[in-house]
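*Asks:*
Number of protein chains: 2
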Amino acid sequence: MEEKDLQNLSETEFIEQYKKTEKDKYEKPSIATDMAIFTVATKKVTDNRKKADKELQVLLIRRGGHPYKGDWALAGGFMGIDEDVETAVQRELKEETGVDGVYAEQLYTWSAVDRDPRMRIVSVSYLALVDQEKLPPLQAGDDADDVRWFTVKDRVMESRDELVDGTMIKTDKIELTLISDEVTASAVIEKTTITEGANVKTVVTISERNGIAFDHAEIILYSLERLRGKVNYTNIAFNLAGEEFTLPDLQQIYEVILGRELNKVQFRRHVENMVVDTGKEIKTGAYRPSKLYRYNAAWVYDQWK
Amino acid sequence: MEEKDLQNLSETEFIEQYKKTEKDKYEKPSIATDMAIFTVATKKVTDNRKKADKELQVLLIRRGGHPYKGDWALAGGFMGIDEDVETAVQRELKEETGVDGVYAEQLYTWSAVDRDPRMRIVSVSYLALVDQEKLPPLQAGDDADDVRWFTVKDRVMESRDELVDGTMIKTDKIELTLISDEVTASAVIEKTTITEGANVKTVVTISERNGIAFDHAEIILYSLERLRGKVNYTNIAFNLAGEEFTLPDLQQIYEVILGRELNKVQFRRHVENMVVDTGKEIKTGAYRPSKLYRYNAAWVYDQWK
DNA sequence: GAAATAGTGTCTGTGAGACATTATTTA
DNA sequence: TAAATAATGTCTCACAGACACTATTTC
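Residue numbers (our numbering), protein chains in the order written: chain S, 1151 to 1455; chain C, 1151 to 1455.
#1: Please name the residues in the stretch 1401 to 1429 of chain S whose beta-carbon is closer than 9 angstroms to at least one beta-carbon of chain C, in chain order.
#2: Taking 8 angstroms as the cut-off, decide whether the C-beta atoms of S:Pro1286 and C:Ile1181 are in contact.
#3: How is the beta strand (DSSP E) around S:Arg1378 delimited, first residue to last?
#4: Run down chain S in chain order and give the residues with a C-beta less than 7 angstroms from the C-beta of C:Val1353.
#5: Below 8 angstroms on the Cβ atoms is my contact criterion, and I expect C:Glu1255 with C:Thr1183 to pass it. Report the Cβ-Cβ distance as a whole number of Å.
#6: Under a CB-based cut-off of 8 angstroms, is C:Glu1166 close to chain S?
#7: Measuring CA to CA, which of S:Thr1345, S:Gly1361, S:Glu1346, S:Leu1326 is closest to S:Glu1368?
#8: Starting from the beta carbon of S:Asn1360, find every residue of chain C whose beta carbon is closer than 7 angstroms, and list them in chain order.
#9: To the nearest angstrom, how far is it from the Cα of S:Phe1228 to the Cα of S:Thr1237?
#10: Given this structure, state the Cα-to-Cα distance separating S:Glu1172 from C:Ala1186, to the nearest angstrom.
#11: The alpha helix (DSSP H) that contains S:Arg1418, what's its start and end?
#12: Could you tell me which residues DSSP pairs with S:Lys1204 in its beta bridges?
#13: In chain order, what residues of the same chain have a beta carbon less than 6 angstroms from the beta carbon of C:Glu1346, not counting five sequence neighbours either side?
#14: Going straight from the alpha carbon of S:Ser1273 to that of C:Gly1429, what length do you get?
#15: Listing by chain order, which chain S residues have their CB less than 8 angstroms from the CB of C:Asp1169?
#16: Just checking my contact of S:Tyr1404 with S:Ala1387 at CB under 8 angstroms: how many whole Å lie between their CB atoms?
#17: Checking the sheet assignment: what are the DSSP bridge partners for S:Trp1299?
#18: State yes or no: is the C-beta of S:Leu1277 within less than 8 angstroms of the C-beta of S:Leu1377?
#19: Name the chain C residues whose beta carbon is nearer than 8 angstroms to that of S:Ala1448?
#20: Where S:Tyr1168 and C:Tyr1218 are concerned, what is the direct C-alpha to C-alpha distance, given to the nearest angstrom?
#21: Considering only the beta carbon of each residue, do S:Ala1468 and S:Glu1358 sit closer than 8 angstroms?
#22: Do S:Ala1335 and S:Arg1213 have their CB atoms nearer than 8 angstroms?
#23: Check distances from the C-beta atoms of the stretch 1244 to 1263 of chain C to those of chain S and list, in chain order, the residues that come in under 7 angstroms.
#24: What's the call for S:Ala1225, buried or exposed, on a 16-neighbour Cβ count within 10 Å?
#25: When the Cα of C:Lys1118 is compared with those of C:Val1350, C:Phe1395, C:Ser1330, which residue comes out closest?
#26: Along chain C, in chain order, which residues have C-beta atoms closer than 7 angstroms to that of S:Val1272?
#27: If I measure Cβ to Cβ from S:Ser1275 and keep anything under 6 angstroms in the same chain, skipping five residues before and after, which residues do I get?
#28: Pick from C:Tyr1437, C:Ile1407, C:Val1406, C:Gln1401: whose alpha carbon is nearest that of C:His1420?
#29: Can you confirm whether S:Tyr1383, when its beta carbon is compared against all beta carbons of chain C, has any partner nearer than 8 angstroms?
#30: With DSSP collapsed to three states, give me the class of C:Leu1159.
#31: Using a C-beta to C-beta distance shorter than 9 angstroms, which residues of chain S count as neighbours of C:Glu1283?
#32: Just to make sure I have the definition right: I need the residues of chain C whose C-beta is within less than 9 angstroms of the C-beta of S:Pro1286. Which are they?
#33: Would you report the Cα separation of S:Asp1311 and C:Asn1423, rounded to the nearest angstrom?
#34: According to DSSP, simplified to helix, strand and coil, what is S:Glu1346?
#35: To the nearest angstrom, how far is it from the Cα of S:Lys1380 to the Cα of C:Glu1161?
#36: Take the Cβ of S:Glu1246 as the centre, count every other Cβ of all protein chains shown within 10 Å, and call the residue buried at 16 or more, exposed below.
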């Protein structure tokens, strides 16, 4: 049936006909999800410093089969034909973390033609944040060795600005290092931002890849940026804290995310309206106890004040 | 061949075999793009006020066939199996606007199972901004009537906050109105934000739909929010201005996007470093002429100051 | 000079950033 | 009392917001 004739049908007839003759005319990609699941963990290391240190970790899974066999990949999976992406993500989050209702937000959809050698896979990536206290210990089952939390470190190796003829070219070379007990994976990512007039275009390429599967180093970096970008003006970081927490602990979570130390007074002023004093205290050492707070459910981010 | 046996092959053999037997095991969705293309246009209306007024417009296309026949939809199309989403978007932007290198940024990927009655379509939406001066007049061809710029108005009809048991439920009822010469399309969108602890989830439903196809009212609203959210701390608005512009004009672009008036002094201070004086002036009426500025290519957004 | 808009000077309040001080605990 | 960390007081500086004023044009 010609396209023209199709349009003379009623809507119901059209759709019936479309499903028969048009629906599978073109080859389609698969849709997958990739989730950068983060937690802030307390370092086990007992070094000289008394102050407990925390670190940002991401969950990775060792690839048991081709492609990228043996490399570490983000959690994720294929979207079923009868579910939407959000449902797939919540299903997979529950599977991987064992926790219900984990915070997740959509990041970006990756669609490079060659991002998977098997076939065309378009991936919708998500940023997920879990409170470490809620996490069950990683399953000690047969594949315990294949699911791990990696400490995340990123470092700008090189930063170059070039202004040519009204076009600003900014090149950043960023090293991403992921460390688990005995395993270290890493990547070097080159990020080029071309600003022509006010039109900003960013091209990202992975120039070195050691043990990180697919384009996942890029996705992890992107999720880090999103996390850092939102930490200061949303409640996003509270998803990484327990029900009750001390302000010094909360501050450490912020510091671990931002990768720098924060001023105490300023930090407390900043979160003042986001927390409620529980009236409880907690003693953690040979010094003044901390007050316990909880998240203030009534807090609203007044976008434009 | 069993999954187990597949994994004993070399990577090349595996992929070859995968493409033969595994690749099309499951039904796949189609990938489409939807683009909210905005421009800021100068009102033709000559009312009593001398000050020229601008308005925010979005490009819509009348659907010639089922489904949503006769309704207005965002520009877009299917992603080819040999191109990535960005390429598809740039191709379609050129087709629709006639302009090369239009600013476009990825917004969100929509995947509701029933968002298209024909088949499963996952849509990657984009926000695009074009300078009106660069736009050729809409093609006067046979389908000139099918492509139009609509003035965008949105209004919060109702806003309710409810705090139940540590869970904050914020419900906003928003009216979106799109006006072209003789055509008006509109929708009422209900946006519910559920904040449980710090975990924010937003559910959006279209409760009334008049002449806007698919879930496109939702996408337009989402793109408006993104535009407003970025206007104050990026150079995004400059994509809506010409090569050279006056500060009063630039301020109007900001005002039209934000939907409110801005303080002149404060605005000028805000954009001070983003613009360069061209030394030229432009006379537009019986009053002091405006200086012409251009975008300052050397401006960089120092993310954390 | 009147009308209209462009552009500048300056006061005020808020909030970020930094430094200093006090408070509370245990050894 | 020393050591360690929690919590608060307060100074400074940058900037957002507002108001008032000056500048330039045409009629």
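Every residue gets a Cβ at the ideal spot worked out from N, C-alpha and C, and that includes glycine. In this text, all values refer to a predicted model and were calculated from it rather than measured experimentally.
*Replies:* A quick look at the data gives this:
#1: Leu1408, Arg1410, Met1424
#2: Position 136 of the first sequence, counted from the first residue, corresponds to residue 1286 of chain S. Position 31 of the second sequence, counted from the first residue, corresponds to residue 1181 of chain C. No, these two residues do not count as a Cβ contact at 8 angstroms.
#3: Position 228 of the first sequence holds residue 1378 of chain S. Run containing S:Arg1378: none in the beta strand (DSSP E); it sits in the alpha helix (DSSP H), 1366 to 1381.
#4: For this step, residue 1353 of chain C is matched to residue 203 along the second sequence. Within 7 angstroms Cβ-Cβ: nothing; C:Val1353 doesn't reach chain S, min ~10 angstroms.
#5: As a working mapping, residue 1255 of chain C is identified with position 105 in the second sequence. As a working mapping, residue 1183 of chain C is identified with position 33 in the second sequence. So it is not a contact: roughly 12 angstroms between Cβ atoms.
#6: Residue 1166 of chain C sits at position 16 when you count from the first residue of the second sequence. No, no contact with chain S.
#7: As a position in the first sequence, residue 1368 of chain S is number 218, starting the count at 1. That would be S:Leu1326, whose Cα lies nearest to the Cα of S:Glu1368.
#8: Within the first sequence, residue 1360 of chain S is the residue found at index 210, counting from 1. Ordered by position in chain C, no residue passes the 7 angstroms Cβ test against S:Asn1360, which lies about 17 angstroms from the chain.
#9: The residue you call residue 1228 of chain S lines up with position 78 of the first sequence. The residue you call residue 1237 of chain S lines up with position 87 of the first sequence. Taking the straight line from one Cα to the other gives about 11 angstroms.
#10: Here residue 1172 of chain S refers to the residue found at position 22 of the first sequence. Here residue 1186 of chain C refers to the residue found at position 36 of the second sequence. So the two alpha carbons sit approximately 26 angstroms from each other.
#11: The residue given as residue 1418 of chain S occupies position 268 in the first sequence. Counting along the chain, the alpha helix (DSSP H) containing S:Arg1418 begins and ends at 1414 to 1421.
#12: Stepping through the first sequence from its first residue, residue 1204 of chain S is reached at position 54. S:Thr1192, per the DSSP bridge assignment.
#13: Within the second sequence, numbered from 1, the residue matching residue 1346 of chain C stands at position 196. Excluding residues within five positions, the ones whose Cβ falls inside 6 angstroms are Thr1317.
#14: Position 123 of the first sequence, counted from the first residue, corresponds to residue 1273 of chain S. Position 279 of the second sequence, counted from the first residue, corresponds to residue 1429 of chain C. Cα-Cα distance, rounded: 49 angstroms.
#15: Residue 1169 of chain C sits at position 19 when you count from the first residue of the second sequence. The displayed chain sequence assigns Lys, not Asp, to residue 1169 of chain C. The answer, in chain order, is Arg1268, Met1269.
#16: Residue numbering aside, residue 1404 of chain S sits at position 254 when the first sequence is read from its first letter. Residue numbering aside, residue 1387 of chain S sits at position 237 when the first sequence is read from its first letter. About 6 angstroms; that satisfies the 8 angstroms criterion.
#17: In the first sequence, the residue the question calls residue 1299 of chain S occupies position 149. According to DSSP, which records beta bridges pairwise, S:Trp1299 is partnered with S:Leu1209.
#18: Here residue 1277 of chain S refers to the residue found at position 127 of the first sequence. Here residue 1377 of chain S refers to the residue found at position 227 of the first sequence. Cβ atoms of S:Leu1277 and S:Leu1377: closer than 8 angstroms.
#19: One-based indexing of the first sequence puts residue 1448 of chain S at position 298. The answer, in chain order, is Leu1313, Met1318.
#20: If you number the first sequence from 1, residue 1168 of chain S lands on position 18. If you number the second sequence from 1, residue 1218 of chain C lands on position 68. In a straight line, the C-alpha of S:Tyr1168 is about 14 angstroms away from that of C:Tyr1218.
#21: In the structure as shown, chain S begins at 1151 and stops at 1455. Residue 1468 of chain S is therefore absent and cannot be evaluated.
#22: Reading the first sequence from its first residue, position 185 is the one you call residue 1335 of chain S. Reading the first sequence from its first residue, position 63 is the one you call residue 1213 of chain S. No.
#23: Gly1251, Tyr1253, Gln1256, Tyr1258, Thr1259, Ser1261, Ala1262, Val1263
#24: Locating residue 1225 of chain S in the first sequence gives position 75, counting from the first residue. By the 10 Å Cβ count, S:Ala1225 comes out buried.
#25: Residue coverage of chain C in this structure runs from 1151 to 1455, which leaves residue 1118 of chain C outside it and unanswerable.
#26: For the purposes of this step, residue 1272 of chain S is taken as residue 122 along the first sequence, with counting starting at 1. Here the neighbours are Ile1181.
#27: Taking the first residue of the first sequence as position 1, residue 1275 of chain S is located at position 125. If we look at S:Ser1275 and ignore the five residues flanking it on each side, its Cβ neighbours are Asp1184, Leu1257, Tyr1258, Ile1369.
#28: Numbered from 1 along the second sequence, position 270 holds the residue referred to as residue 1420 of chain C. Selected option, being the one with the closest Cα: C:Gln1401.
#29: Locating residue 1383 of chain S in the first sequence gives position 233, counting from the first residue. By this cut-off, S:Tyr1383 is not an interface position.
#30: Working through the second sequence from its first residue, we reach residue 1159 of chain C at position 9. Reduced to three states, the DSSP call for C:Leu1159 is coil.
#31: Along the second sequence, read from residue 1 onward, the residue named residue 1283 of chain C stands at position 133. Neighbours of C:Glu1283 on chain S: none; closest Cβ ~13 angstroms, over 9 angstroms.
#32: Position 136 of the first sequence, counted from the start, is the residue given in the question as residue 1286 of chain S. The contacting residues do not exist; S:Pro1286 stays about 19 angstroms from chain C at best.
#33: To locate residue 1311 of chain S, count along the first sequence from 1; it is residue 161. To locate residue 1423 of chain C, count along the second sequence from 1; it is residue 273. Cα to Cα, S:Asp1311 sits roughly 17 angstroms from C:Asn1423.
#34: Translated into the one-based positions of the first sequence, residue 1346 of chain S becomes position 196. If DSSP states are grouped into helix, strand and coil, S:Glu1346 belongs with the strands.
#35: Position 230 of the first sequence, counted from the start, is the residue given in the question as residue 1380 of chain S. Position 11 of the second sequence, counted from the start, is the residue given in the question as residue 1161 of chain C. S:Lys1380 and C:Glu1161: Cα-Cα distance of roughly 40 angstroms.
#36: Here the question's residue 1246 of chain S lines up with position 96 in the first sequence. Buried, by the Cβ-count rule.
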